[in-house]
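Below is one structure, written out as structure tokens, with a few remarks after it.
In the numbering used here, the protein residues as written are 6 to 610.
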């Protein structure tokens, strides 16, 4: 009898995608042949022979040991700072970071293998003798030896195991099963056995039980139950089931049909997650999926009639434990610089109302872009490059979910992005405008704001102030963002095409007038006045003080003996262009330098 797993809610689908990724890893890097287990993918489900699960605990660990390979990660880090140390003025800073990386790893190695630790510690001490940039060749040789140590199987396996367990315990499953810290000192084989007992054995056992009943093998069933009841390794829920079958049916010489009716009857609740299989005592709780978990014992008042029971079958338990494999790690580096990196680390999934193959393909494509500043933005651009009708429909049917959860503090920040029709149409029509922003972090922030349905004027204001404060950056990117904001408004309000083209040119004209004033001040030795004027204009725009903005604008034009363009009268009426759009376009031009001017000219050509 084959097991079928149907697509459902996003987090369950994430588990199915994760299950497939784990199998794919075995196909690509080991010798697994899914055809041997009748594995098939239909439109809305996958199915397979239960025998596929007999080695799944090994597949599971193999996948995560490969995904979070710490020897590979640490080698990349060491190479990064080795290359940085070769640059002028970066040697001392880089060698310090290298020593910190080695020291942190040595502390872990010491707990694994004392002999290897002795060699690693010798390398650390030798790093202390590297004082000058002329010793780069010595540094390279030491790091080559150290990377060999990190790649030793017993060292890399244990460090990686602890790493991926820490990630999944904190973000996905809490302290259940082998994720519990009490199992940290156990070997990887022992931890695999714990997973097999908790997640796989109950499924295989139930499938074999059903087979013996269907094939009328009463003798085999009695022998199985007798052995299981005397085996301490038997899972608790299966042990309880066998005990009841033994006392209520086998000892009373009842038929296999009656046992079958008992298993499929009202004594066992239907799983509330899949609605396909019976729960043999398991219930959904904190350890199944931390981001959407609830402590039922402490939250009875949240349940109807205080009934906290949420039956969960063992197949769904296994699928949920694969959800971490279905998620993509993303780092939101553009978030507040003062924010700790752990709050910038998210897990994401793209859910779609489509076939399983398309869902899997989309998330694989998304996963390949995870090192980009905003991988979801890259995925959107891939989709809009397809035929117009299909891409708009696809974007509207996407549910993008990202979360940062912390089991220890019981805190989870989760963002859902459901793309409205007007945003889908905007991306299809104006994706090239978004892509024209050169600052990748700023571009990622703008896309984030759009998907979160936030007004991007706040990000534009912040970016303009950042350029002013640091005297670094490309203000023309801010002008591009103003154009994006305008076209979002157009998509939402359905403004006619001719009007949009006219207003687009007006925004460019306003930007160029700001640039002209910049040239005037620069030419006449008044460059130091630009920042104070820009801040005054930004403050007026932020507080929606049109009078203050116009007064400043008129004054600086009169001082420069320049005519105030009539287009600025739109500030008072806001008939076509919004106040912020005019203000931000003008300030972007005002604080632009020669490089930005060249950039704007290139964009026009």
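By construction, the Cβ of each residue, glycine as well, lies at the ideal position given by its N, Cα and C atoms.
Using the C-alpha atoms, what's the distance from residue j back to residue i?
| i | j | result |
| --- | --- | --- |
| residue 671 | residue 488 | Outside the displayed span of the chain (6 to 610) sits residue 671, for which this structure offers no information. |
| residue 96 | residue 540 | 38 angstroms |
| residue 122 | residue 353 | 37 angstroms |
| residue 329 | residue 71 | 14 angstroms |
| residue 231 | residue 402 | 52 angstroms |
| residue 315 | residue 379 | 37 angstroms |
| residue 530 | residue 524 | 10 angstroms |
| residue 142 | residue 133 | 15 angstroms |
| residue 258 | residue 215 | 18 angstroms |
| residue 12 | residue 361 | 7 angstroms |
| residue 565 | residue 559 | 10 angstroms |
| residue 182 | residue 492 | 52 angstroms |
| residue 263 | residue 254 | 8 angstroms |
| residue 381 | residue 434 | 18 angstroms |
| residue 409 | residue 176 | 7 angstroms |
| residue 334 | residue 439 | 24 angstroms |
| residue 554 | residue 584 | 10 angstroms |
| residue 77 | residue 187 | 27 angstroms |
| residue 369 | residue 33 | 14 angstroms |
| residue 73 | residue 48 | 31 angstroms |
| residue 357 | residue 400 | 9 angstroms |
| residue 460 | residue 277 | 39 angstroms |
| residue 14 | residue 526 | 59 angstroms |
| residue 347 | residue 448 | 22 angstroms |
| residue 250 | residue 198 | 26 angstroms |
Pick out whichever of the options has its Cα sitting closest to the Cα of residue i.
| i | options | result |
| --- | --- | --- |
| residue 573 | 563, 591, 566, 564 | 591 |
| residue 432 | 253, 318, 496, 15 | 496 |
| residue 589 | 542, 231, 426, 94 | 542 |
| residue 90 | 104, 77, 206, 78 | 104 |
| residue 466 | 320, 31, 235, 490 | 490 |
| residue 533 | 435, 297, 595, 49 | 595 |
| residue 516 | 463, 587, 160 | 587 |
| residue 161 | 118, 345, 179 | 118 |
| residue 67 | 146, 28, 43 | 28 |
| residue 322 | 290, 342, 338 | 290 |
| residue 469 | 485, 456, 458 | 485 |
| residue 159 | 170, 120, 149, 140 | 120 |
| residue 63 | 51, 53, 31 | 31 |
| residue 244 | 211, 275, 282 | 211 |
| residue 597 | 69, 520, 551 | 520 |
| residue 424 | 415, 412, 406, 414 | 406 |
| residue 463 | 251, 450, 473, 474 | 450 |
| residue 414 | 42, 179, 44 | 179 |
| residue 155 | 347, 75, 457 | 75 |
| residue 206 | 298, 281, 167, 320 | 320 |
With which residues is residue i paired in a DSSP beta bridge?
| i | result |
| --- | --- |
| residue 406 | 354, 421 |
| residue 336 | 350 |
| residue 493 | Residue 493 pairs with nothing; no bridge assigned. |
| residue 52 | 9, 45 |
| residue 283 | 275 |
| residue 316 | 288 |
| residue 411 | 416 |
Under 8 angstroms, Cβ to Cβ, is there at least one residue of chain B near residue i?
| i | result |
| --- | --- |
| residue 293 | The structure shown contains no chain B; it is built from a single protein chain. |
Leaving out the 5 sequence neighbours to the left and right, which residues in its chain are closer than 6 angstroms to residue i when beta-carbon positions are compared?
| i | result |
| --- | --- |
| residue 503 | Because residue 503 sits at a pLDDT of 41, beneath the cut-off of 50, its placement in the model cannot be relied upon, and the point is left open. |
| residue 5 | Because residue 5 is not part of the residues shown, which for the chain are 6 to 610, the question remains open. |
| residue 45 | 52 |
Tell me which same chain residues have a C-beta within less than 7 angstroms of the C-beta of residue i, skipping the five on either side of it?
| i | result |
| --- | --- |
| residue 570 | 518 |
| residue 619 | The requested residue 619 does not occur in the structure, where the chain is confined to residues 6 to 610. |
| residue 19 | 328, 331, 332, 354 |
| residue 209 | 55, 58, 59 |
| residue 340 | 349 |
| residue 6 | 212, 215, 216 |
| residue 351 | 335, 337, 407, 408, 409 |
| residue 114 | 121, 122, 125, 160 |
Can you list, in chain order, the residues of its chain with a C-beta nearer than 8 angstroms to that of residue i? Leave out the 5 residues immediately preceding and following it.
| i | result |
| --- | --- |
| residue 144 | 87, 90, 100, 103, 132, 135 |
| residue 169 | 69, 70, 72, 73 |
| residue 557 | 538, 541, 542, 545 |
| residue 39 | 28, 32, 53, 57 |
| residue 138 | 90, 91, 96 |
| residue 9 | 50, 51, 52, 281 |
### Message
Between the region 74-89 and the region 122-131, can you find at least three pairs of beta-carbon atoms closer than 8 angstroms?
### Response
no
### Task
Determine, using beta-carbon pairs with one atom in the region 412-421 and one in the region 437-450, whether at least three such pairs fall under 8 angstroms.
no
### Query
Are the region 281-299 and the region 247-261 touching, with three or more C-beta to C-beta distances below 8 angstroms?
no
### Message
With three or more C-beta pairs closer than 8 angstroms as the rule, is the region 362-381 touching the region 20-36?
### Response
yes
### Task
Report yes or no: do the region 190-206 and the region 218-233 share at least 3 C-beta pairs separated by less than 8 angstroms?
no
### Query
Is the region 197-207 in contact with the region 236-250, if contact means three or more CB pairs nearer than 8 angstroms?
yes
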